[in-house]
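Right, one structure below, let's go through it.
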Amino acid sequence: MKLNYRPEIDGLRAISVLAVIFYHLELSLYEKNLFQGGFLGVDFFFVISGYLITSLILKELSLTGSFSLKNFYERRARRILPALILVMLFSIPFAWKYLLPSSLIDYSKTLLYSLGFTSNFYFYNIQSNYFDLDSKFRPFLHTWSLSVEEQFYLLFPIFLLIIYKFKKDLIFKSLLILVILNLLLIHFLGNFNFKQPYINEELSFIAPSFLTSFYLTTGRIWEVLVGSILAYMEISKGSRTSNKVICEFFSFIGLILIFYSIFFFNDEIFHPSIFTFPAILGVALLIWFLNKDTMIAKILSNRFFVGVGLISYSLYLWHYPFIVFQKYESFSSENSLILLLLIFIASVISYFLIEKPFRNRKIIKLKYFLMTLVSSITILIIFCIFVIFNKGYSDRYSKIENINFKLDNQFYQDEWDNYAAQVGSPGFTDNKKIKILIIGNSFGRDFFNLFEMNKNLFNDYEFGYTDVPNYLYKYFDKIEDCKKIQIKSFDHEKFCESEIIIIADTWPLLNNESLQKIYKKVSENNKKLVLTNTPAQFTTFGQYTLLDYFILNKMRLPNESEKIDLQKSYYQSYKQNFNVRKNNEILKKFSKTHNIKLLDRNLYRCDEHKYTCDFLTDFDYKIYYDFGHYTLNGAKYFGKRIFEIGWLEFE
Numbered sequence: 001m002k003l004n005y006r007p008e009i010d011g012l013r014a015i016s017v018l019a020v021i022f023y024h025l026e027l028s029l030y031e032k033n034l035f036q037g038g039f040l041g042v043d044f045f046f047v048i049s050g051y052l053i054t055s056l057i058l059k060e061l062s063l064t065g066s067f068s069l070k071n072f073y074e075r076r077a078r079r080i081l082p083a084l085i086l087v088m089l090f091s092i093p094f095a096w097k098y099l100l101p102s103s104l105i106d107y108s109k110t111l112l113y114s115l116g117f118t119s120n121f122y123f124y125n126i127q128s129n130y131f132d133l134d135s136k137f138r139p140f141l142h143t144w145s146l147s148v149e150e151q152f153y154l155l156f157p158i159f160l161l162i163i164y165k166f167k168k169d170l171i172f173k174s175l176l177i178l179v180i181l182n183l184l185l186i187h188f189l190g191n192f193n194f195k196q197p198y199i200n201e202e203l204s205f206i207a208p209s210f211l212t213s214f215y216l217t218t219g220r221i222w223e224v225l226v227g228s229i230l231a232y233m234e235i236s237k238g239s240r241t242s243n244k245v246i247c248e249f250f251s252f253i254g255l256i257l258i259f260y261s262i263f264f265f266n267d268e269i270f271h272p273s274i275f276t277f278p279a280i281l282g283v284a285l286l287i288w289f290l291n292k293d294t295m296i297a298k299i300l301s302n303r304f305f306v307g308v309g310l311i312s313y314s315l316y317l318w319h320y321p322f323i324v325f326q327k328y329e330s331f332s333s334e335n336s337l338i339l340l341l342l343i344f345i346a347s348v349i350s351y352f353l354i355e356k357p358f359r360n361r362k363i364i365k366l367k368y369f370l371m372t373l374v375s376s377i378t379i380l381i382i383f384c385i386f387v388i389f390n391k392g393y394s395d396r397y398s399k400i401e402n403i404n405f406k407l408d409n410q411f412y413q414d415e416w417d418n419y420a421a422q423v424g425s426p427g428f429t430d431n432k433k434i435k436i437l438i439i440g441n442s443f444g445r446d447f448f449n450l451f452e453m454n455k456n457l458f459n460d461y462e463f464g465y466t467d468v469p470n471y472l473y474k475y476f477d478k479i480e481d482c483k484k485i486q487i488k489s490f491d492h493e494k495f496c497e498s499e500i501i502i503i504a505d506t507w508p509l510l511n512n513e514s515l516q517k518i519y520k521k522v523s524e525n526n527k528k529l530v531l532t533n534t535p536a537q538f539t540t541f542g543q544y545t546l547l548d549y550f551i552l553n554k555m556r557l558p559n560e561s562e563k564i565d566l567q568k569s570y571y572q573s574y575k576q577n578f579n580v581r582k583n584n585e586i587l588k589k590f591s592k593t594h595n596i597k598l599l600d601r602n603l604y605r606c607d608e609h610k611y612t613c614d615f616l617t618d619f620d621y622k623i624y625y626d627f628g629h630y631t632l633n634g635a636k637y638f639g640k641r642i643f644e645i646g647w648l649e650f651e
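Written out as structure tokens, the structure is:
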């Protein structure tokens, strides 16, 4: 059954997909992403999809008294799978060329999960941060939203049919209650979007993160059901609001809410949550109040917006692989217009040659559709299995690797993890030495490794380590008075036995309040507090460091003059990091005010006079395996540097 065609809905689809594409293209002005809230375009799609699918189901039920699940699922398969499989097959040569073994394995797993519409579970389980730099180099990260939609469509029609058959008067109330409960659950009991996690610890047993995740369907139900409510209201009333003045006013308000969210929201906002409800409300207002007589509907119904809306699915599929593989070729954004043109060309071709024919049962019969589907999926599965079982075909790079250097940084991360597991989080055993407790995140562990691997050089000190969450001040809130209580935990014991506390963290949410809490707790227990600044963080190209990227282009290690150029590139990328500079200014000011020693970690990593930062040891071992974490050889190298320059000195 076909719905009454609303061209303005295709125009709304166009805005949604363009917002997403422009966000991922990272079009910027004065180092600020112009479309910093463009990722919400996916959420707009959820509302639109909920409206269209629910309208389809309810109209068929109201006219015929029945609904064919078989036909519904076949339509979904014809709509989604052919174009998705085409993009996957097209991406394989580029993945083979650009992706290092560990990333090629990750890519293959993503394809397999995407074919089963469970890639959102995969990204959730590996704790992939949608907003982190690494995610910008995963070619099929965007398939998480397809998985959400298909999981919803697998169950929602059955849910709706059951209510319709037994008590259809409850449809509106049921949908509304689900929207409210889901939104409140997400917002108040445990929003976890992997960018800035907010977990209500007291209530986390009620709402574990899998119920409220950025990636999972359980965190997105409310968005789709907002569209479903609109569909039910329209069908139950027989029409939408028709008063021209009201429609003009509220459609204008809806458009303002949408554009405000695209241009002024950013990846720091808790999402999904009540904070992002205005964006969803904007889409709902447009769907409900747009009609052919409103000015905004006429704009959205023009050929350009309708055309973009019609190919929006192909645009969404093609844009991310194109953008990701272009980054491997060149990290510059100068080619954005050319890239956008290529995305549109590929989308138009796949729409007319793949999407439209496969959706038409008269052109491609079910038998041939299934034959094509099975054979294509079989090819993809065989490729992915071979990649996984052959460990990403690491021999592809054997000609440019040597005993001192590995291109695939997963090797160094595994080495780092194994060493951390072997050493653990040691406490103190020698009463004759000054006891220093290092507290921090993974960068704190890096800092501890410098001394642990060179402890023969630091005979006057004994170093302990404890790992804490990024919200450091919460950890200090839990430390009680060492003089009055019996030690309750091993971490408390290390804290109480230490003489000097060194905070070695990246300070993701640094402010004076958090610093004041740390300073207060350390001072109350008669410890000496030493702060370290936020360490240099360098540009990376997905799994490639600047050094790796050079080697992949030149197919060799840099010569001496090229090493100097690379050292300067590392320095420039560190200096351009606004958040690092901002944090270090806060730390510097606080340390001076409270007379606290502040150790600059960049003094042993970079030369401020030559404008260079080291990236290789004296024997050409790699120092960094990502944007700032040390390899074990790098930790050994910097530990010696610290000793030689007398960097670790206390009055």
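Using this note's numbering, you'd call the opening residue of the sequence shown number 1 and step up by one each time. Beta carbons are placed, not taken as given, at the ideal position from N, Cα and C, and that holds for glycine.
Asked	Found
Sequence-distant residues of its chain with Cβ nearer than 7 Å to Asp-565 (five each side left out)	none
beta-carbon Ser-425 near the ligand GDP non-hydrogen atom, thresh 8 Å	For the ligand GDP, the structure offers nothing, since it holds no ligand at all.
Nearest neighbour of Thr-129, chosen from Pro-93, Glu-268, Ile-645, Leu-34 [CA to CA]	Looking at the sequence provided, one finds Asn at residue 129 rather than Thr. Of the candidates Pro-93, Glu-268, Ile-645, Leu-34, the one whose C-alpha sits nearest the C-alpha of Asn-129 is Glu-268.
Within 9 Å, strictly: CB atoms of Leu-99 and Tyr-328	yes
Delimiting residues of the alpha helix (DSSP H) encompassing Glu-644	632-645
Coarse secondary structure for Phe-214, derived from DSSP in three states	coil
The segment 348-365 in contact with the segment 163-180 per 3-pair CB rule at 8 Å	no
For Thr-666, three-class secondary structure by DSSP	There is simply no residue 666 to check, as the chain begins at 1 and stops at 651 in what is shown.
Counterpart residues of Thr-372 in DSSP-defined beta bridges	None, per the DSSP bridge assignment.
Segment limits, beta strand (DSSP E) that includes Phe-463	461-467
Where Thr-532 falls: helix, strand or coil (DSSP)	strand
For Gly-440 and Tyr-412, the rounded distance between their alpha carbons	21 Å
Reduced DSSP secondary structure (H/G/I, E/B, other) of Lys-597	strand
Cβ neighbour criterion (16 or more within 10 Å) applied to His-271	buried
Span separating the alpha-carbon of Ser-656 from that of Tyr-368	Residue 656 lies beyond the stretch modelled for the chain, which goes from 1 to 651, so this question has no answer here.
Enclosing alpha helix (DSSP H) for Gly-37 [first to last residue]	Careful: Gly-37 lies outside any alpha helix (DSSP H) and carries neither H nor E.
Whole-angstrom C-beta distance between Ile-48 and Gly-227, which should lie under 8 Å	6 Å
Limits of the unbroken beta strand (DSSP E) element including Leu-437	434-440
First through last residue of the beta strand (DSSP E) which encompasses Ile-287	It is not in any beta strand (DSSP E) - Ile-287 instead sits in the alpha helix (DSSP H) that spans 277-289.
Through-space distance from Asp-626 to Glu-225, alpha-carbon basis	Per the sequence shown, residue 225 should be read as Leu rather than Glu. Using only the alpha carbons, I get a separation of about 41 Å.
Residue span of the beta strand (DSSP E) that contains Ile-501, given as start and end	500-503
Given Ser-273 as reference, the closest of Val-179, His-187, Phe-249, Lys-136 once Cα atoms are compared	His-187
Which of helix, strand or coil DSSP assigns to Phe-405	strand
As assigned by DSSP and simplified to three states, the class of Phe-192	Any reading at Phe-192 needs caution, since the residue's pLDDT is 44, under 50, leaving its predicted position unreliable; the model's value is listed next. In this structure, Phe-192 counts as strand in the three-state DSSP scheme.
C-beta atoms of Asn-33 and Asn-266 nearer than 9 Å	yes
Residue range of the alpha helix (DSSP H) that includes Met-88	69-98
Three-state secondary structure assigned by DSSP to Leu-510	coil
Distance between Lys-474 and Ile-163 (C-alpha atoms, nearest Å)	46 Å
Element boundaries [alpha helix (DSSP H), containing Arg-138]	No alpha helix (DSSP H) contains Arg-138, which DSSP labels as neither H nor E.
Given 8 Å, three or more beta-carbon pairs between the segment 115-123 and the segment 143-160	yes
Rounded straight-line distance, which links the Cα of Gln-543 to that of Phe-137	8 Å
CA nearest to the CA of Asp-481, picked from Val-522, Asp-614, Tyr-465	Val-522
6 Å Cβ shell around Ser-312 - same chain, five flanking residues per side excluded	Arg-13, Val-17
Sub-9 Å separation of Pro-278 and Ser-261 beta-carbons	yes
Which listed residue (Leu-599, Thr-506, Pro-93, Phe-131) has its alpha carbon closest to that of Gln-537	Thr-506
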